[in-house]
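2 protein chains.
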Amino acid sequence: MTERDAWSEQLRRGGLELAILLTLAPGRRYGLEIIRHLEAFTDLIVTEGTVYPILSRLTRDGLLAAEWVAGEGPHPRKYYRLTAAGRTRLAEMTDHWNTFTAKIARLIRAAEPRP
Amino acid sequence: MTERDAWSEQLRRGGLELAILLTLAPGRRYGLEIIRHLEAFTDLIVTEGTVYPILSRLTRDGLLAAEWVAGEGPHPRKYYRLTAAGRTRLAEMTDHWNTFTAKIARLIRAAEPRP
DNA sequence: GCCTCATACTTGGTGTCACGATGTATAAGA
DNA sequence: TCTTATACATCGTGACACCAAGTATGAGGC
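Residue numbers (the numbering used here), protein chains in the order written: chain A, -12 to 102; chain B, -12 to 102.
Right, dumping it as structure tokens:
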């Protein structure tokens, strides 16, 4: 299904992981907070079923550290923050992102009708 | 395996289809030619096993048209060109790409240490 | 005429991953 | 007590790039 926007889903696949790490760069945040921030700040709609698996994977890989905090809200929250490894990795990924988008941008310019 | 660069592969997934369509925007090209052009023009390394399935899918979806041409090289070549639908779709995708990268760029700026 | 070698396209199997749906738990408010 | 909002977790699914191996064609050497 969803033949139309199958591609945009593909596109997100690469970007979402980076987007989540970037969201955590300024400081710790919990799951739903990340979702709301992404939507408010970039119009990127992501659901829980998408974000939680990514957060789990990033934590398992040592890029994030998780910490339960109770008493702040109606429900205990699991806060995530970047580890040192996560920060290093984020820098690498940002770098990679920039060079990759530059390549695509170059193709886009080459594809435009001659000016 | 390849835990390290698993992400960069993910990133390519979204961009490759766009990159291939962009490569075909100026005119028709055949499979290996697309691979060589991407490598020469953008340093993007893609193998046959990656490109041909994408070309098949895009053709099946009506975005590309294929045509066998013999006598040009040592082997008959299958040339691909954008259809009208493909051109429309390419414009949509380019648009989508631009807005998406703008969102990530915004996150990157927000993640930088305050200047 | 045979044998490499480069060209060119094809295909099957594999692993990864976002996404939707569903479920569980907690506590405030009516 | 019953609803509602918050918050996190997970299973199943389908899509898809990638690797590897395979097929076909003709040119050049000897």
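Just so you know, even glycine gets a beta-carbon here, dropped at the ideal spot from N, CA and C.
Note on the segment 44 to 78 of chain A: whole beta strand (DSSP E) runs with a minimum of 3 residues are 51 to 56 and 64 to 69, in chain order. Out of A:H83, A:E35, A:I32 and A:G14, the CA that lies nearest to the CA of A:L51 is found in A:G14. One thing to note: B:R93 has its Cβ within 8 Å of the Cβ of A:T29. In this structure, A:L9 is the residue among A:S(-5), A:E35, A:L69 and A:L9 with its C-alpha nearest to the C-alpha of A:T81. Our two residues, B:L11 and A:L31, have alpha carbons roughly 30 Å apart in a direct line.
When secondary structure is reduced to three states using DSSP, A:R16 falls in the strand class. For B:L5, the three-state secondary structure derived from DSSP is helix. Within the segment 11 to 30 of chain A, the residues whose Cβ lies closer than 9 Å to some Cβ of chain B are L11, A12, P13, L25, F28, T29 and D30, listed in chain order. Counting every other CB atom within 10 Å of its CB across the protein chains shown gives A:H62 a total below 16, marking it as exposed. The criterion of a C-beta distance shorter than 8 Å is satisfied by A:Y66 and A:E54. Here DSSP, grouped into helix, strand and coil, assigns A:V33 to coil.
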